[in-house]
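Respectively, the protein sequence lines represent chains A and B. Read left to right, the first sequence gives residues 1 to 499 (my numbering). Read left to right, the second sequence gives residues 1 to 499 (my numbering).
Number of protein chains: 2
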Amino acid sequence: MYEDRIRRPALMEKLMSAEQAAKLFADGMTVGMSGFTRAGDAKALPAALVERARHEPLRLTLITGASLGNDSDGLMASAGVVARRLPFQSDAALRRKINSGEVMFIDQHLSETAEQLRSGDLAPVDVAVIEAVAITADGGIVPSMSVGNSANFVLQAKKVIVEINLAAPLALEGLHDIYLPAPRPRRGAIPLINAWQRIGTSAIQVDPARIAAIVITDSPDSPSNALPGDAETDAIAGHVIAFLEGEVKAGRMGPELLPLQAGIGTIANAVLHGLIDSPFRDMTMYSEVLQDSAIELLDSGQLAMASASSITLSAKMHQHFIDNLERYRQRIVLRPQEISNHPEVVRRLGIIALNTALEFDIYGNVNSTHVGGTHMMNGIGGSGDFARNGQLSLFVSKSVAKGGAISSVVPMASHVDHTEHDVDVLVTEWGLADLRGLAPRERAVLIIENCAHPDYRPQLRAYYEEALLGGGQTPHVLEKALSWHARYKTAGTMLQPAA
Amino acid sequence: MYEDRIRRPALMEKLMSAEQAAKLFADGMTVGMSGFTRAGDAKALPAALVERARHEPLRLTLITGASLGNDSDGLMASAGVVARRLPFQSDAALRRKINSGEVMFIDQHLSETAEQLRSGDLAPVDVAVIEAVAITADGGIVPSMSVGNSANFVLQAKKVIVEINLAAPLALEGLHDIYLPAPRPRRGAIPLINAWQRIGTSAIQVDPARIAAIVITDSPDSPSNALPGDAETDAIAGHVIAFLEGEVKAGRMGPELLPLQAGIGTIANAVLHGLIDSPFRDMTMYSEVLQDSAIELLDSGQLAMASASSITLSAKMHQHFIDNLERYRQRIVLRPQEISNHPEVVRRLGIIALNTALEFDIYGNVNSTHVGGTHMMNGIGGSGDFARNGQLSLFVSKSVAKGGAISSVVPMASHVDHTEHDVDVLVTEWGLADLRGLAPRERAVLIIENCAHPDYRPQLRAYYEEALLGGGQTPHVLEKALSWHARYKTAGTMLQPAA
């Protein structure tokens, strides 16, 4: 049994149940788990750890690629298994534990966790739990639908637990390109100079002696929870495409554009979906996650290839992807997130970065993470890796939330994840503000008039005019700068009462 | 005359006065001028432009490396010559014009201006004005005490004006290493894998036909305006050194440390000066500017070599440097600021980044630029290039300013240049907060207890405790988050009245 999945016969003796494997953990350990945007996460060990924690204390530092599927994050958090969590999550139950202060959450740039582990800035990983489609004859671990930080975890962990998922087809083998930079300061250049390139191995190399357990699973990734587009996301897509057409016309890029990155979620997915009706051809993606839209663009032929660290699809698109894997395998590369998001590579390739803002202010500072300035939503993810180092940094958002009670365009961002220095273009369904080469006072006018919801424009204009009385590079009325957020908490809306 | 300085005889005919050269400009042009932290700036053309603006409208977009010396920025701004300015400045008169809204100031990461010019995100440079020690036989421009963006300006400008400064010794030739990355997206790796390495040419290559004027000058750079250290900067230096000793002891780096970067200014200079009494040996610098302290460390032998984009010294140290140039030439490399600050190189080498904060908040967000959240001080400079991409990012500040009326540790930064994601260590004269791997709630306690001035700790604790009642990943009382800054404006102090 499983000879095609476990091709090194001596490892057969490491086959065990998840319950047995869960005994390899000890209270206080640091655990690295595969999984990135609900793709390629371990399916059995999280539940086994929850079960173990019913009987004895088991508090872990849990590091992943990004968010886990299968409610694993929430189940482990609710069981008290997760003491510390990094670098990203998107689970409602875990989010509650984070915001109540029960779980310490370290919100990191997705390219940096591996670097901090390597440098010793973070405690080393004790146990790695990696979902795989197979273990090769020489002990290589072939990942499933994401790579994330798995290679780094395997490199560092004293014990490696491999979950072989029979639901992940063997045909995924060959999709991955595993390359890790050498430790600093003696590191060479990362030899990746175009999105297509493969620079590593197709499996994660590991000394087989460190494989402490192999657990068989047979369940699919959680499907993407991106919602279908709507009139507003269509409008945002239209503004983005018109802007990019302008860039091509101005000679700043060719009709193949520059390599595209798009963040996780509904709006970015809808914008990419909108590219199907665009005039661009032979595009490439150099992103961290591929959603349904990327597959659609590969199918339409407009996207020549796509590089990422994870593939997160709807159930229907997942089946289509698996059914046509032979075809996609030549046009998709899955890399460690350290490489998909690496500043060196992102800067070199000149990425167009498209990410979602929770809110932004009239000067172009972006909040990607904190609802009301205090409560964590998901995390910054890779948005900073791409926005800082790409050639063009676009942030998109609907202009209002909660039926208009919240304006996404505010006087001052209540939390800043991306500073004015890193934001080139802001887009809502109302329009686009091209901030390149503009000073804050010039940006304010554009952002208010092009991006804000018309219901909020008068009070934004009034704020800005009052702020101008105090002068400055970035005029503000500090007493009122965060008053909109405070008003929402007390009055249920950011809208000011009519004068 | 000048045969040693102008080695291509045909160019002798381009010799002219600054007044004549000033006629090459037209109203509305974009001008790229050499100069970085008061070093290597053009000495004659700024005054000639001011003179010309007395008689006719002359409003320019002025792009430099960083700050100019000789009051040039202020004189040009006061004469109305500067309509737009980027990417950095430090002049009192220009600052007033910026904060009054008369000059549009675009505050940029110092590595990015060149990239934006190359990509066409900024309007191209019409005229470049470059201080040089010589023009070579093949038309190469040999820069003086800084490289900055000069090579990029020369590459792009239709007309190049060279100021040959006789006060800058010919012996500076050979100090520089001029390398520019290719345009994206077809760019290879930057082949620089250690701080010592030379990867380019010793002069800026230019088609001699584009050299439109050569102006002779004979005046020195403005001396550094860094103040001598004091008891507080000594204490900060002590905390930084003890921290670095801990890193060596923990095995996270060797006794040569990692390549050091230190920002411009009094505190960073004093911290580096403090390294003379440290146990570290064979250190290297990979920084953007070398101050007196770098020369002292080269003299003491602790610093093996230093790479930067500029050398800004006190008058006395400048003379010492010139007198011993043959010795230093083997141990100093001056690079374009795009390379000295390049994310690719900074990340690869694993820089220790040491930069100055104006203020920081209890969660680790840093304001480097805006006094009171609104008024520009100097600009972000290269701090973001290094803090984001280096291995360790330290920010230093005295705990209070204005005789204690302003706390540098505040509930919420009134402007954010460096987010919590990019700040590893905070230091004041009171102590050091090592934030690595910590969640915001954990950071708050450390920052308040280790870094804040004791006079402000009670009210910081009270703020944090009240904020905790509202919960969240990053607890805040939005109504009070910026109240300290507002109180300073009305009451002249951030200190709360005794209850």
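Glycine included, every Cβ here is placed at the ideal spot set by N, Cα and C.
Could you check whether the Cβ of A39(B) sits closer than 9 Å to any Cβ belonging to chain A?
A39(B) does not count as touching chain A.
I believe Y286(B) touches P259(B) by the beta-carbon criterion, under 8 Å. Please report the beta-carbon distance rounded to the nearest angstrom.
Y286(B) to P259(B), Cβ: 4 Å. Contact.
Can you name, in chain order, every residue of its own chain whose Cβ lies under 8 Å from the Cβ of G174(B), other than the five neighbours on each side?
Same-chain partners within the cutoff: S202 and R329.
Examine chain A for any beta-carbon lying closer than 9 Å to the beta-carbon of T369(B), and answer yes or no.
For T369(B), the answer is yes, since a Cβ of chain A falls inside 9 Å of its Cβ.
Suppose only complete runs of 3+ residues qualify. What are the beta strand (DSSP E) ranges in the segment 345-407 of chain B, listed by chain order?
Qualifying beta strand (DSSP E) stretches, in chain order: 352-356, 359-361 and 392-396.
If you measure beta-carbon to beta-carbon, which residues of the segment 413-429 of chain B are closer than 9 Å to chain A?
Residues passing the 9 Å Cβ filter: A413, S414, H415, V416, D417, H418, T419, E420, H421, D422 and D424.
Can you tell me which residues form a DSSP beta bridge with A39(B)?
DSSP lists F36(B) as partners of A39(B).
Given that N99(B) touches chain A, what residues does it touch there, using C-beta distances under 7 Å?
The contacting residues are G471, G472 and Q473.
Chain A partners of Q391(B), CB-CB under 7 Å?
Near Q391(B) (Cβ distances below 7 Å), the residues of chain A are S119 and R184.
How close, in whole Å, do the beta carbons of I241(A) and L297(A) come, if the pair is a contact with beta carbons under 8 Å?
Actually they are not in contact, since the Cβ atoms of I241(A) and L297(A) sit about 13 Å apart, beyond 8 Å.
If distances are taken between C-alpha atoms only, which option among I63(B), N152(B) and L94(B) comes closest to A79(B)?
It is L94(B).
Taking P46(A) as the reference, which of P57(A), S72(A), M1(A) and V133(A) has the closest Cα?
Minimum Cα distance to P46(A) is reached at S72(A).
Is the shortest distance between the beta-carbon of G188(A) and the beta-carbons of chain B less than 9 Å?
Chain B, which has a Cβ nearer than 9 Å to the Cβ of G188(A), makes this yes.
If we call anything under 9 Å between Cβ atoms a contact, is F360(A) one with S300(A)?
No; because the gap between Cβ atoms is not below 9 Å, this pair is not in contact.
Short check: CB of L60(A) to CB of L75(A), under 9 Å?
Their beta carbons are not under 9 Å apart, which means L60(A) does not touch L75(A) by this criterion.
Taking only runs that begin and end inside the segment 113-175 of chain A, name each unbroken beta strand (DSSP E) of 3 or more residues, in chain order.
The qualifying runs are 127-135, 141-143 and 159-165.
Evaluate R118(B) with the Cβ neighbour count: other Cβ atoms within 10 Å of its Cβ, from every protein chain shown; 16 or more gives buried, anything less gives exposed.
Buried is the call here.
Less than 9 Å between CB atoms is the rule here; does R388(B) satisfy it with respect to chain A?
By this cut-off, R388(B) is an interface position.
DSSP beta-bridge partners for I214(B)?
In the DSSP output, where bridge partners are listed per residue, I214(B) has L15(B) and V162(B).
Output yes or no for whether 9 Å exceeds the beta carbon distance between T369(B) and I351(B).
It is not a contact, given that the beta carbons lie outside the stated cut-off.
With a CB to CB cut of under 6 Å and the five nearest residues on each side skipped, what residues in its chain are close to A159(B)?
This sequence places Lys at residue 159(B); Ala is not what is there. So the list reads L24, V127 and A212, once near-sequence residues are dropped.
Would you call the segment 5-23 of chain A in contact with the segment 108-123 of chain A, where contact means no fewer than 3 C-beta pairs closer than 8 Å?
Segments in contact, no.
For D221(A), count the other beta carbons within 10 Å of its own beta carbon; 16 or more makes it buried, fewer makes it exposed. Which is it?
Answer is buried; the Cβ neighbour count reaches 16.
If you drop the 5 nearest sequence neighbours on each side, which residues of the same chain put their C-beta closer than 6 Å to that of L460(B)?
Here the set comprises I448 and A452.
Measuring CB to CB, does V31(A) end up less than 9 Å from V129(A)?
Yes, the Cβ-Cβ distance between V31(A) and V129(A) is below 9 Å.
On the DSSP bridge list, what partners appear for R85(A)?
Beta-bridge pairing links R85(A) to L62(A) and F105(A).
Is the segment 137-148 of chain B in contact with the segment 299-318 of chain B, if contact means three or more CB pairs nearer than 8 Å?
Touching, yes.
Quick check on H453(B): does DSSP put it in helix, strand or coil?
In the structure shown, H453(B) sits in coil (DSSP, three-state: anything other than H, G, I, E or B).
So with Cβ pairs under 9 Å, would you call P9(B) a contact of chain A?
By this cut-off, P9(B) is not an interface position.
List the residues of chain A that D73(B) touches, going by C-beta distances under 8 Å, in chain order.
None at all; the shortest Cβ gap to chain A is about 15 Å.
Spell out the partners DSSP gives Y328(A) in its beta bridges.
Paired residue(s): none; Y328(A) is not in a bridge.
Here's the rule: buried if 16 or more other CB atoms are within 10 angstroms of the residue's CB, otherwise exposed. What is P87(A)?
By the 10 Å Cβ count, P87(A) comes out buried.
Any C-beta of chain D within less than 8 Å: which residues of the segment 436-449 of chain B qualify?
Absent here is chain D; the protein component of the structure consists of chains A and B.
Label M253(B) either buried or exposed according to how many other C-beta atoms from any shown protein chain fall within 10 Å of its C-beta, with 16 as the threshold for buried.
M253(B) should be labelled buried.
Could you compute how far the alpha carbon of R441(B) sits from the alpha carbon of G472(B)?
Cα to Cα, R441(B) sits roughly 9 Å from G472(B).
Give me the DSSP bridge partner(s) of H418(A).
DSSP output for H418(A) lists V366(A) as bridge partner(s).
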